[in-house]
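J.: One structure follows; several queries about it will come next.
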Ligand SMILES: Cc1cc2nc3c(=O)[nH]c(=O)nc-3n(C[C@H](O)[C@H](O)[C@H](O)COP(=O)(O)O)c2cc1C
């Protein structure tokens with residue numbers, strides 16, 4: 001996906017240091033972020049950024065209306081735990097809005113949040129908001145359906161923290177129906193699950209991972225157990241293997257092809273929120289992978305001086321995302337036209353990301369290869385991306401629908417903003 005990411009180092013990262021990640025020099029970080037167009041500019045920006053840092057003028061990256069859903073969820077967790085499972089009196093407890101709050105925190109392509117909800121007596125319908133599709137990037141709505149699956153899974157995983165037992169019915173009117181899922185609400189009891197708590201911490205991590213720190217095969221086996229439907233499979237590729245290297249090279253090529261395609265770039269830019277201000281969707285600067293000080297600097301540099309974000313994305317993909325990942329993973333479905341399986345793939349991805357969060361692992365989707373394959377198919381032209389995907393694994397009855405990297409990171413991640421409940425809900 002054409003998401004801008006810029007390199008980071010971790011000078012001001014105060015988390016305990018594990019084994020050092022492949023170093024990303026500050027010089028290259030500045031270059032990659034496009035801030036080093038002139039040394040003078042870099043110094044000026046550093047001075048401004050330094051001052052802002054000292055004064056704390058731009059201290060928090062989770063302030064503003066866009067973080068209200070996250071704050072509401074954290075408050076709910078605290079209230080529910082304090083009440084030890086009894087009714088809390090909190091407005092989220094036991095009602096549809098509580099489940100929707102969990103759904104809002106889900107991953108979605110370019111943070112497009114392509115969902116809307118209809119609340120009835122004891123049910124919530126989850127629908128696609130097709131106006132929020134990624135256009136040329138997602139011609140068959142593969143990513144949109146995966147994002148909707150993420151939302152549904154977040155609602156299921158979060159239910160315990162709002163005192164609800166949900167009954168989930170995916171595509172209640174059939175796979176071509178407009179309703180993606182209907183959730184019937186029953187009273188729940190008991191403890192807040194660790195998954196419900198982790199919803200508040202799950203974030204896409206676009207920084208460098210510790211390349212030398214492999215993921216133990218027992219962890220991969222535990223994650224394999226999250227596959228709960230015959231329609232989805234999880235394929236692991238260690239980065240050091242031949243297939244892992246081919247995936248990395250093909251992903252870099254797909255990124256270069258993506259940024260050479262003006263229509264894809266325009267579709268991606270629509271969701272980029274790289275300037276200061278209050279946002280409620282899209283990919284914001286604090287989430288692209290810079291360390292805090294550089295984020296502040298970058299937010300202060302006037303737009304025209306901040307370099308080419310697409311080139312930065314390509315460099316980051318090459319030098320950080322694939323270069324520092326010890327592990328890649330892919331999710332398969334029987335067919336890319338199988339809407340139910342795509343929703344299931346999204347549910348699996350969200351389960352996986354939440355478990356990874358609990359285990360202290362970082363993940364980042366890396367979907368440019370799939371996006372280029374979709375683009376080539378839509379334009380009915382030969383597809384190097386599809387050929388690369390076909391060569392990655394011997395799959396008799398499935399195709400790749402989603403790709404990601406996984407590893408240990410010592411980066412600081414920031415939350416992405418969200419639209420509020422009232423904006424996405426009709427009663
Ligand atoms: C279907 C899908 C595709 C995605 N593809 C990418 C990708 O290629 N690169 C990336 O950095 N993030 C990707 N993401 C992550 C989203 O950008 C991210 O979920 C969103 O910005 C919200 O941020 P959060 O996950 O930190 O809450 C993808 C997410 C979904 C659901």
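In the numbering used here, the protein residues as written are 1 to 427.
Glycine residues also receive a C-beta, built at the ideal position from the N, C-alpha and C atoms.
Please work out which residues of its chain come closer than 6 Å, Cβ to Cβ, to residue 107, disregarding the five sequence neighbours upstream and downstream, and give them in chain order.
T.: The count along the chain shown starts at 1 and reaches residue 107 at position 107. The residues are 150.
J.: Hey, quick one: how far does the beta strand (DSSP E) through residue 403 stretch, first residue to last?
T.: Translated into the one-based positions of the chain shown, residue 403 becomes position 403. Counting along the chain, the beta strand (DSSP E) containing residue 403 begins and ends at 399-407.
J.: Cβ of residue 281 within 9 Å of Cβ of residue 271?
T.: Walking along the chain shown from the start, residue 281 turns up at place 281. Walking along the chain shown from the start, residue 271 turns up at place 271. Yes, these two residues count as a Cβ contact at 9 Å.
J.: Where residue 38 and residue 163 are concerned, what is the direct C-alpha to C-alpha distance, given to the nearest angstrom?
T.: For the purposes of this step, residue 38 is taken as the residue at position 38 of the chain shown. For the purposes of this step, residue 163 is taken as the residue at position 163 of the chain shown. A caution first: residue 38 carries a pLDDT of 29, below 50, which makes its placement in the model too unreliable to give a value.
J.: According to DSSP, which residues form a beta bridge with residue 145?
T.: The count along the chain shown starts at 1 and reaches residue 145 at position 145. DSSP output for residue 145 lists no bridge partner at all.
J.: With DSSP as the reference, identify every bridge partner of residue 119, one or two as the case may be.
T.: Counting from one through the chain shown, the residue named residue 119 turns up at place 119. As computed with DSSP, residue 119 is found in a beta bridge with 124.
J.: Under 8 Å: do the stretch 338-353 and the stretch 289-303 share three or more Cβ pairs, one atom per stretch?
T.: no
J.: My assumption, with CB atoms under 8 Å, is that residue 69 sits in contact with residue 105. Please give the rounded CB distance.
T.: Sequence index remark: in the chain shown, residue 69 carries index 69 (1-based). Sequence index remark: in the chain shown, residue 105 carries index 105 (1-based). Confirmed, Cβ separation roughly 6 Å.
J.: In this structure, what does DSSP give as the bridge partners for residue 236?
T.: Reading the chain shown from its first residue, position 236 is the one you call residue 236. Residue 236 pairs with 329.
J.: Express the C-alpha separation of residue 417 and residue 98 in angstroms, rounding to a whole number.
T.: As a working note, residue 98 is residue 98 in the chain shown. As a working note, residue 417 is residue 417 in the chain shown. Approximately 18 Å, taken between the alpha carbons.
J.: Does the stretch 206-215 come into contact with the stretch 399-411, if we say contact requires no fewer than three beta-carbon pairs (one atom in each stretch) closer than 8 Å?
T.: yes
J.: Specify the secondary structure class of residue 168 as computed by DSSP and reduced to three states.
T.: To locate residue 168, count along the chain shown from 1; it is residue 168. In the structure shown, residue 168 sits in a strand (DSSP, three-state: E or B).
J.: Using 8 Å as the threshold, is the stretch 304-314 in touch with the stretch 324-332, meaning 3 or more CB pairs across them?
T.: no
J.: Is residue 86 helix, strand or coil by DSSP?
T.: Translated into the one-based positions of the chain shown, residue 86 becomes position 86. DSSP places residue 86 in coil when its eight states are reduced to three.
J.: Measure how close the beta-carbons of residue 251 and residue 366 come, nearest whole angstrom, since I'm counting them as under 8 Å.
T.: Along the chain shown, one-based indexing puts residue 251 at 251. Along the chain shown, one-based indexing puts residue 366 at 366. Confirmed, about 6 Å.
J.: Is it right to say residue 47 is buried, meaning 16 or more other beta carbons lie within 10 angstroms of its own, or is it exposed?
T.: Within the chain shown, the letter at position 47 stands for residue 47. Residue placement at residue 47 is poorly supported in this model, since its pLDDT is 45, which falls under 50; the coordinates still yield a value, given next. Flag for residue 47 reads exposed.
J.: Would you tell me roughly how many angstroms separate the C-alpha atoms of residue 382 and residue 256, rounded to the nearest one?
T.: As a working mapping, residue 382 is identified with position 382 in the chain shown. As a working mapping, residue 256 is identified with position 256 in the chain shown. Approximately 17 Å, taken between the alpha carbons.
J.: Could you check what DSSP says for residue 286 in three-state terms: helix, strand or coil?
T.: Here residue 286 refers to the residue found at position 286 of the chain shown. Three-state DSSP puts residue 286 in a helix.
J.: What residues in its chain sit with their C-beta under 8 Å from that of residue 340, if we drop five residues either side in the sequence?
T.: As a first step, residue 340 must be located in the chain shown, where it is residue number 340. Contacts found: 170, 171, 175, 231.
J.: Residue 113 lies in the alpha helix (DSSP H); which residues open and close that run?
T.: Here residue 113 refers to the residue found at position 113 of the chain shown. Unbroken run through residue 113: none, as it is neither H nor E.
J.: With H, G and I counted as helix, E and B as strand and the rest as coil, what does DSSP make of residue 301?
T.: Along the chain shown, one-based indexing puts residue 301 at 301. Of the three classes helix, strand and coil, the one that applies to residue 301 here is coil, per DSSP.
J.: Verify the contact flag: residue 133, CB atom, against every heavy atom of ligand 1, threshold strictly below 8 Å.
T.: Taking the first residue of the chain shown as position 1, residue 133 is located at position 133. Residue 133 Cβ: outside cutoff for every heavy atom of ligand 1.
J.: From this set, 363, 64, 394, 229, which residue's C-alpha is nearest residue 215's C-alpha?
T.: As a working mapping, residue 215 is identified with position 215 in the chain shown. When the alpha-carbon of residue 215 is set against those of 363, 64, 394, 229, the nearest one is in 363.
J.: Is residue 107 near ligand 1, in the sense that its beta carbon is under 8 Å from a heavy atom of that ligand?
T.: Within the chain shown, residue 107 is the residue found at index 107, counting from 1. Inclusion of residue 107 in the 8 Å shell around ligand 1 follows from its C-beta lying nearer than that to a non-hydrogen atom of the ligand.
J.: So, does the stretch 123-141 touch the stretch 66-81, judging by three or more C-beta pairs under 8 Å?
T.: No: the two stretches stay apart, fewer than three of their Cβ pairs being nearer than 8 Å.
J.: Ligand 1 and residue 67: does any heavy atom of the ligand fall closer than 8 Å to the residue's C-beta?
T.: Here residue 67 refers to the residue found at position 67 of the chain shown. Not so, every heavy atom of ligand 1 lies at least 8 Å from the Cβ.
J.: Would DSSP call residue 258 helix, strand or coil?
T.: Your numbering for residue 258 matches position 258 in the chain shown. Residue 258 falls in the helix class under three-state DSSP.
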